[in-house]
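Heads up, the thing below is written out as C-alpha cells.
In UniProt numbering, the protein residues as written are 1 to 468.
Here it is, written out as C-alpha cells:
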C-alpha cells in the first residue's frame, strides 16, 4: 500500500528538471524538484556521477505539509500544485525537495553535449522511474550478455591475482570489474563471459563451481571473517553495490587503526539541532570526484534522510553540511549512534582513496589478460589496493593502484622491469618519479610474457578514468 501511495504522489507531482547554462559563469546549474523520499537524493546524485560530472557546489532544501486520516480527502497546497491525499493513512508529513547542483565535466567545462543533457532530463525528469538498486545480497547473477560476480573477503597480497587465475582456469573472461580494499577487507564486482560463447554462463553446475572455488580463495586462512559468494538477482550498479557490500561487512569497525595519516583523515562531526529535531553532519576533507556520491550512499544505507544540505567543493578542500533524520523521523539519539555515523562516513570517504602507484594498461582484450597482468604484479612483490577493469569494442582499459607488499615505497626499478615485461607503450605509470615518465622505449631483452602483449593493439590513454 505504501508503494501505491508513493506512485500516487509521484503522478500528482512529477519530478521537474531545469538545466541552466547561463546563470553561472563556470558551471552548469541543474535543479531537480521532486517529492522527497528515502533514497531520492542518492538516485539524483548517482545519475550525475555516472556521467563523470564534477559537483563543485550543491544545496538541498525540503519543506513539508501535513495531512490527517479521516473520512475526507485533504488537499495540500504547494506553489499552485494541489495534491489530493489518500484517505486511510495515519498522520505523517509529505515533503518536497529541491536540489541544485553546479556541475562541470572532468576538464572543468560546462555541460553542452546534447546527449548528456538529454540523458539527465530523461533520467531525472517526469518520465524517469528512479529505478535504484538497493539490493543487499552478494553473489553471482546471470544477465543477457555476461555473468555478474560479487565477492567480499579478507584482503591480502596477491588476492586479485588468485581470483582472476581461478576465473581463467574455469574459462571465464573478465570484461569489467571494480575492486576496492579498505580496512583489511576486499570487495569486488566483476562481469565475466564464457570463453566459448562470449555470453553469460548459464550452466548451474558451472556457476556453483565458480562460487565454491572463489569462496575458498577469499577465505584463505582467515576463519574469523566471512567470505561471501552467494546467488543474487536484480540490476547491479557497481559502485553502489561496493558501498553496500562493505557497509554490510562492517568495514568501518576499527577505523581508529586506519593507516591513513591523521592530517589526511576526514573531519566528521555530528551534533543535534534540538529546536528542529535535526541531526547536523559536517564534513571537511580533501576534495575528489564522486565524494558526494560516496557520502550519500552511506547515509542512505544507514536509513537517514537528508532534508537540507550544503556542499562547497570549489577548492582543494570540500565542506559538506547536512540536516538529516532517521527514516523513523528521529535525530541521532545517543553517543553510540553518533560515533557509528562518524565511523561509517569516514569509511565511505576512505574506501575510494587509493594508496599506491597508479598504473594504466590499454591493449586488446583476451581471456586471461587480467590473470597474466596481476600475476606479474604478484611475482614482483606488488599488491593491488584498487582496480578498475573495462572492456569496450575489444579493447581492455585497466587501472591499477599498486603497493609494495612489504610496506615500503614501490621500487622504480621494479616498475621499469614490469613495464619492459608487459610493454612500455601498453602500461603507463601515473604519479611516479619523473624518471619513470621518460619517452617509452622497448628493451631488446624479451621477458617471459612479452609476446602476450607486444602484438596487441593500443588505444588512447586519455580515455582512462581516474578517481583519485
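Where is the CB? At the ideal position from N, CA and C, for every residue including glycine.
Is it true that the CB of residue j sits closer than 7 angstroms to the CB of residue i?
i, j, result
"residue 103", "residue 159", "no"
"residue 166", "residue 217", "yes"
"residue 283", "residue 268", "yes"
"residue 121", "residue 148", "no"
"residue 308", "residue 61", "yes"
"residue 322", "residue 281", "yes"
"residue 45", "residue 123", "no"
"residue 306", "residue 41", "yes"
"residue 399", "residue 337", "no"
"residue 348", "residue 295", "yes"
"residue 227", "residue 108", "no"
"residue 17", "residue 125", "yes"
"residue 303", "residue 327", "yes"
"residue 383", "residue 403", "yes"
On the DSSP letters alone, give me the boundaries of the beta strand (DSSP E) that residue i sits inside.
i, result
"residue 382", "382–392"
"residue 248", "Here residue 248 belongs to no beta strand (DSSP E); instead the alpha helix (DSSP H) covers 238–248."
"residue 429", "427–430"
"residue 182", "172–182"
"residue 165", "First-last for residue 165: 159–169, but that is the alpha helix (DSSP H), not the beta strand (DSSP E)."
"residue 270", "267–273"
Quick check on residue i: does DSSP put it in helix, strand or coil?
i, result
"residue 378", "helix"
"residue 344", "helix"
"residue 419", "helix"
"residue 61", "strand"
"residue 196", "coil"
"residue 16", "strand"
"residue 104", "strand"
"residue 408", "coil"
"residue 228", "strand"
"residue 321", "strand"
"residue 395", "strand"
"residue 359", "strand"
"residue 278", "strand"
"residue 424", "coil"
"residue 185", "strand"
My assumption, with CB atoms under 8 angstroms, is that residue i sits in contact with residue j. Please give the rounded CB distance.
i, j, result
"residue 265", "residue 346", "7 angstroms"
"residue 292", "residue 55", "5 angstroms"
"residue 385", "residue 356", "5 angstroms"
"residue 202", "residue 245", "Not confirmed; about 25 angstroms, so no contact."
"residue 157", "residue 405", "4 angstroms"
"residue 365", "residue 394", "6 angstroms"
"residue 279", "residue 325", "7 angstroms"
"residue 29", "residue 20", "4 angstroms"
How would you write the range of the alpha helix (DSSP H) that residue i sits in, first residue to last?
i, result
"residue 209", "204–219"
"residue 352", "No alpha helix (DSSP H) contains residue 352, which DSSP labels as neither H nor E."
"residue 119", "114–124"
"residue 30", "Counting along the chain, residue 30 falls outside any alpha helix (DSSP H), though it belongs to the beta strand (DSSP E) covering 28–35."
"residue 313", "Element bounds for residue 313: n/a, residue is neither H nor E."
"residue 297", "291–301"
Could you check whether the Cβ of residue i sits closer than 7 angstroms to any Cβ belonging to chain B?
i, result
"residue 163", "Judged by its chain identifiers, the structure shown contains no chain B, having just a single protein chain."
Checklist line | Inter-stretch contact (C-beta, 8 angstroms, three-pair minimum) for the region 160–179 and the region 113–120 | finding: no
Checklist line | Meets three-Cβ-pair contact criterion under 8 angstroms: the region 162–173 and the region 368–376 | finding: yes
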